[in-house]
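Structure first, then comments.
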Amino acid sequence: MKFSEQWLRGWVNPQVSRDDLVARLSMAGLEVDSVTPAAGQFSGIVVGEILATEQHPDADKLRVCQVSDGKDTFQVVCGAPNARPGIKIPFAMIGAELPGDFKIKKAKLRGVESFGMLCSAAELQISEENDGLLELAGDAPVGQDIRQYLSLDDASIEIGLTPNRGDCLSIAGLARDVSALYDVAVQRPEVPAVAASHDEVRSVEVTAPAACPRYLGRVIRNVDLSRPTPLWMVERLRRSDVRSIDAAVDITNYVMLELGQPMHAFDLAEINGGIRVRMAEEGEKLVLLDGQEVVLRSDTLVIADHARPLAIAGVMGGEHSGVDTHKTRDLFLESAFFEPVSVAGKARSYGLHTDASHRFERGVDSQLAREAMERATRLIIDIVGGDAGPVIESVSAEHLPQIAPITLRAERVSQMLGMEMEPAQIEQLLNALGLTTQADGAGQWTVSVPSHRFDVSLEVDLIEELARLYGYNRLPVRYPQARLAPQARPESRSELPTLRRLLVARGYQEAITYSFIDAKLFELFNPGVEPLLLANPISNDMAAMRGSLLPGLVKALQHNLNRQQDRVRLFESGLRFVGQLGDLKQEPMLAGLISGSRLPEGWANGREGVDFFDIKADVEAVLGYAGALHRFTFTAAQHPALHPGQTARIERDGEEVGYLGALHPELAKALDLDRPVFVFEMVLAHVVEGQVPAFSELSKFPETRRDLALIAGREVAANDVLDIIRDNAGEWLTDLRLFDVYQGKGIDPDRKSLAVGLTWQHPSRTLNDDEVNATLQTILTSLEQRLNTTLRK
1 MKFSEQWLRG
11 WVNPQVSRDD
21 LVARLSMAGL
31 EVDSVTPAAG
41 QFSGIVVGEI
51 LATEQHPDAD
61 KLRVCQVSDG
71 KDTFQVVCGA
81 PNARPGIKIP
91 FAMIGAELPG
101 DFKIKKAKLR
111 GVESFGMLCS
121 AAELQISEEN
131 DGLLELAGDA
141 PVGQDIRQYL
151 SLDDASIEIG
161 LTPNRGDCLS
171 IAGLARDVSA
181 LYDVAVQRPE
191 VPAVAASHDE
201 VRSVEVTAPA
211 ACPRYLGRVI
221 RNVDLSRPTP
231 LWMVERLRRS
241 DVRSIDAAVD
251 ITNYVMLELG
261 QPMHAFDLAE
271 INGGIRVRMA
281 EEGEKLVLLD
291 GQEVVLRSDT
301 LVIADHARPL
311 AIAGVMGGEH
321 SGVDTHKTRD
331 LFLESAFFEP
341 VSVAGKARSY
351 GLHTDASHRF
361 ERGVDSQLAR
371 EAMERATRLI
381 IDIVGGDAGP
391 VIESVSAEHL
401 PQIAPITLRA
411 ERVSQMLGME
421 MEPAQIEQLL
431 NALGLTTQAD
441 GAGQWTVSVP
451 SHRFDVSLEV
461 DLIEELARLY
471 GYNRLPVRYP
481 QARLAPQARP
491 ESRSELPTLR
501 RLLVARGYQE
511 AITYSFIDAK
521 LFELFNPGVE
531 PLLLANPISN
541 DMAAMRGSLL
551 PGLVKALQHN
561 LNRQQDRVRL
571 FESGLRFVGQ
581 LGDLKQEPML
591 AGLISGSRLP
601 EGWANGREGV
611 DFFDIKADVE
621 AVLGYAGALH
631 RFTFTAAQHP
641 ALHPGQTARI
651 ERDGEEVGYL
661 GALHPELAKA
671 LDLDRPVFVF
681 EMVLAHVVEG
691 QVPAFSELSK
701 FPETRRDLAL
711 IAGREVAAND
721 VLDIIRDNAG
731 EWLTDLRLFD
741 VYQGKGIDPD
751 RKSLAVGLTW
761 QHPSRTLNDD
771 EVNATLQTIL
781 TSLEQRLNTT
791 LRK
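At position 208 of the sequence shown the residue is numbered 208 (my numbering), and the sequence of numbers has no breaks.
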């Protein structure tokens with residue numbers, strides 16, 4: 001909402017500076033976004049009148065003008081196309097200063113002397129229009145300072161209103177708040193009813209009273225729209241960021257800005273019969289005032305006559321029924337209240353946004369329509385003449401908003417604001433907003449809310465108004481107090497921030513991706529699974545809730561690769577969404593991705609690319625941080641998004657907790673990835689849960705190590721071999737390592753060689769060879785029986 005400061009001060013004028021007013025409005029919740037002077041800084045410019053013009057002898061585009069300042073006549077050379085005798089314009093005399101420190105001096109233009117300058121609106125920084133001289137009203141007093149004549153010592157103030165404060169989308173609404181803030185009376189213009197001078201009416205039939213509980217119409221005959229809009233109105237509109245069009249449109253816009261009631265004027269000659277306020281018929285067409293043709297839907301409220309729609313209610317009028325300065329002689333003036341829900345979103349659904357829809361969607365005073373009708377009628381008669389007929393009104397009282405009285409308790413006020421407010425101050429602040437208070441003598445009030453404050457319906461709303469008017473900056477600061485007992489933190493648990501730091505230390509960077517992904521991308525990673533779709537997605541590529549963190553990480557990888565980042569390591573922690581509403585599971589996950597070279601580029605580093613075991617090492621580091629790595633196993637598995645031969649399922653005590661592996665080649669091709677990509681994803685709850693470390697005394701006795709070369713089938717998993725060795729190696733086994741895997745020359749093609757190292761250490765003595773050999777024999781026997789694995793010869 002942008003408005004003229006002078007216009008507001010005409011309603012309520014606290015004796016404070018502009019800076020104080022701006023600051024107070026912002027602190028009251030009406031945040032000021034900008035303050036723009038009404039014109040640039042200039043001086044020495046007066047109202048001038050062109051008495052005569054003649055063509056410049058040496059320049060086709062220049063004219064030599066004789067200009068009067070009310071006392072003397074001056075010769076001025078001017079190139080403006082609209083310079084002509086009889087018009088009044090801004091005249092910068094010798095010595096005048098224009099914006100930009102430009103001083104007017106005597107000059108010669110193509111050999112002809114010029115004693116001043118005739119100015120456009122852009123040259124005075126009044127507006128951006130620079131297509132000719134700024135033409136002033138015919139009754140402008142010649143010789144008067146232009147700043148005084150146009151009241152240019154003003155500013156346009158723009159405030160950013162929250163959607164609940166639709167009542168402040170007008171000078172009247174702002175004046176109420178300023179009045180309450182400074183305890184200054186509002187000087188509201190009197191709006192007497194305009195007596196009917198003829199009896200012509202048009203019937204009004206409302207078939208959708210729930211959407212339009214109140215509709216007023218009035219016929220105004222014999223208007224002369226060729227008359228210009230008065231300069232004072234044009235300036236107030238301009239400073240409110242509204243362009244002047246013609247007198248009828250300007251007046252309705254002016255009333256909307258002044259009182260907050262959007263209105264519309266139809267060309268009476270274009271109305272067939274009477275007015276019908278109805279829902280549109282599916283497929284009806286309407287050409288709007290901006291020339292756009294829209295196909296109406298059946299959920300759209302329209303203003304129609306007996307033949308066709310005339311306007312989208314609360315949004316925009318139709319082109320054929322709009323006023324025309326050349327042919328319109330009679331007007332049908334409309335003022336209505338449309339229920340906010342019925343018009344909400346309709347403008348956007350047709351690709352529109354208007355000042356009227358902006359207000360009706362947020363709410364308009366349901367009792368304002370008649371006052372606005374009388375105000376607009378009086379302005380029309382005063383400016384363009386005409387004869388007003390009687391006002392015809394259709395009202396559905398049962399559908400008008402009803403605000404029940406609210407009980408306000410002093411105790412609740414003190415509790416929420418942290419301070420005691422005097423009862424008289426509470427009443428004064430609320431009464432200043434137009435609310436009526438009735439005290440019961442027991443520390444509470446019954447508050448009646450006026451129709452213009454449709455956002456106030458609860459006790460907390462009243463308390464918010466008290467805090468706002470009293471001043472948020474004046475409320476006492478009190479720190480919360482509570483007796484908090486320290487919470488024990490389980491030592492067996494690793495915190496997520498610690499795991500983040502661990503991954504960063506291993507070269508990863510944390511990514512934060514959207515929880516919404518493209519439904520097609522969801523299908524690529526989870527084929528055959530129905531995604532949870534959003535009812536109102538931001539865009540088509542953010543229409544489904546993610547069932548995995550991997551799609552977002554892969555998109556982040558693509559983004560980096562497209563920007564020449566060849567070595568990428570990313571991780572993310574967040575929720576995945578499994579199932580549908582009613583059976584939805586939101587599960588915290590930890591996922592990661594690597595691609596590119598194993599080591600950063602450097603003279604001492606090789607250029608080998610990452611492989612399965614690089615990401616497996618990172619996963620093991622994360623799993624082992626909580627001290628429970630021995631409870632996790634990696635098992636060859638299948639996953640629709642991962643490579644069939646490079647995929648491992650991560651299990652904890654036999655329960656699946658995640659997957660790791662290479663991205664499936666077909667998926668990589670579909671995503672236009674031409675390099676190996678390795679990923680992991682794990683359920684966070686299983687990752688962070690570990691065990692408390694326990695101290696065991698170090699043995700003083702020497703270790704005993706034996707290395708075994710074992711021949712096993714190609715399909716035998718090394719982990720199965722190690723498990724059997726652990727089960728049979730006895731309690732003194734302290735280390736078991738697989739240090740070599742060999743397939744090739746000298747080995748049966750269907751078999752492979754596994755080299756393992758076993759280390760024993762007794763806490764209280766030295767183990768002898770017979771004990772170790774006996775244990776080895778037990779291990780070899782078990783391996784041969786269970787896995788057909790033998791000692792290599």
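Don't be surprised by glycine CBs; every beta carbon is placed ideally from N, CA and C.
All figures in this text were calculated on a predicted structure; none of them were measured in a lab.
Can you tell me which of the options puts its alpha carbon nearest to the alpha carbon of residue i?
| i | options | result |
| --- | --- | --- |
| residue 383 | 691, 223, 323 and 597 | 223 |
| residue 620 | 602, 650 and 293 | 650 |
| residue 630 | 617, 653 and 611 | 653 |
| residue 530 | 485, 452, 564 and 577 | 577 |
| residue 54 | 46, 60, 64 and 47 | 64 |
| residue 330 | 252, 440, 386 and 83 | 386 |
| residue 753 | 733, 724, 681 and 789 | 789 |
| residue 532 | 579, 169 and 101 | 579 |
| residue 272 | 288, 321 and 396 | 321 |
| residue 717 | 786, 679, 685 and 774 | 786 |
| residue 614 | 595, 541 and 624 | 595 |
Buried or exposed for residue i, going by 16 or more other Cβ atoms inside 10 Å?
| i | result |
| --- | --- |
| residue 713 | exposed |
| residue 741 | exposed |
| residue 33 | exposed |
| residue 157 | buried |
| residue 749 | exposed |
| residue 76 | buried |
| residue 590 | buried |
| residue 739 | exposed |
| residue 149 | buried |
| residue 799 | The chain is shown only over 1 to 793; residue 799 falls outside these bounds and no answer can be derived. |
| residue 473 | exposed |
| residue 342 | buried |
For residue i, which residues of its own chain have a beta-carbon under 7 Å away from its beta-carbon, when the five flanking residues on both sides are left out?
| i | result |
| --- | --- |
| residue 180 | 429, 432, 433 and 469 |
| residue 699 | 761, 762 and 763 |
| residue 437 | 427, 430, 431, 445 and 447 |
| residue 325 | 225, 226 and 246 |
| residue 125 | 39, 40 and 99 |
Is it the case that the CB of residue i approaches a heavy atom of the ligand NAP more closely than 8 Å?
| i | result |
| --- | --- |
| residue 274 | Within the structure as shown, the ligand NAP is missing, as the structure has no ligands at all. |
Who are the near neighbours of residue i in its chain, counting only those whose CB is closer than 8 Å to its CB and skipping five residues on each side?
| i | result |
| --- | --- |
| residue 626 | 492, 493, 494, 687, 688, 689, 690 and 691 |
| residue 413 | 421, 426, 463 and 466 |
| residue 558 | 671, 672 and 673 |
| residue 371 | 191, 259 and 261 |
Only counting the same chain, and skipping five residues up and downstream in sequence, which positions put a Cβ closer than 6 Å to that of residue i?
| i | result |
| --- | --- |
| residue 704 | 760, 767 and 772 |
| residue 232 | none |
| residue 353 | 347 |
| residue 117 | 92 and 104 |
| residue 599 | 605 |
| residue 733 | 760 |
Name, in chain order, the residues that DSSP records as bridge partners for residue i.
| i | result |
| --- | --- |
| residue 215 | 336 and 394 |
| residue 507 | None; residue 507 has no bridge partner. |
| residue 53 | 65 |
| residue 586 | 577 |
| residue 264 | 334 |
| residue 436 | 448 |
| residue 660 | 648 and 680 |
| residue 632 | 652 |
| residue 309 | 304 |
| residue 74 | 67 |
| residue 572 | 591 |
| residue 316 | 312 |
| residue 112 | 109 |
Determine, using beta-carbon pairs with one atom in the segment 535-546 and one in the segment 560-567, whether at least three such pairs fall under 8 Å. no
Under 8 Å, with one C-beta from each stretch per pair, do the segment 67-85 and the segment 119-133 reach the 3-pair mark? yes
Does the segment 12-30 come within contact of the segment 170-187, defined as at least 3 CB pairs closer than 8 Å? yes
Segment contact, 8 Å Cβ cut-off, at least three pairs: the segment 358-371 with the segment 281-290: no
The segment 158-172 touching the segment 21-35, judged by at least three CB pairs closer than 8 Å: yes
Are there three or more Cβ pairs, one per stretch, closer than 8 Å when the segment 203-214 is compared with the segment 384-403? yes
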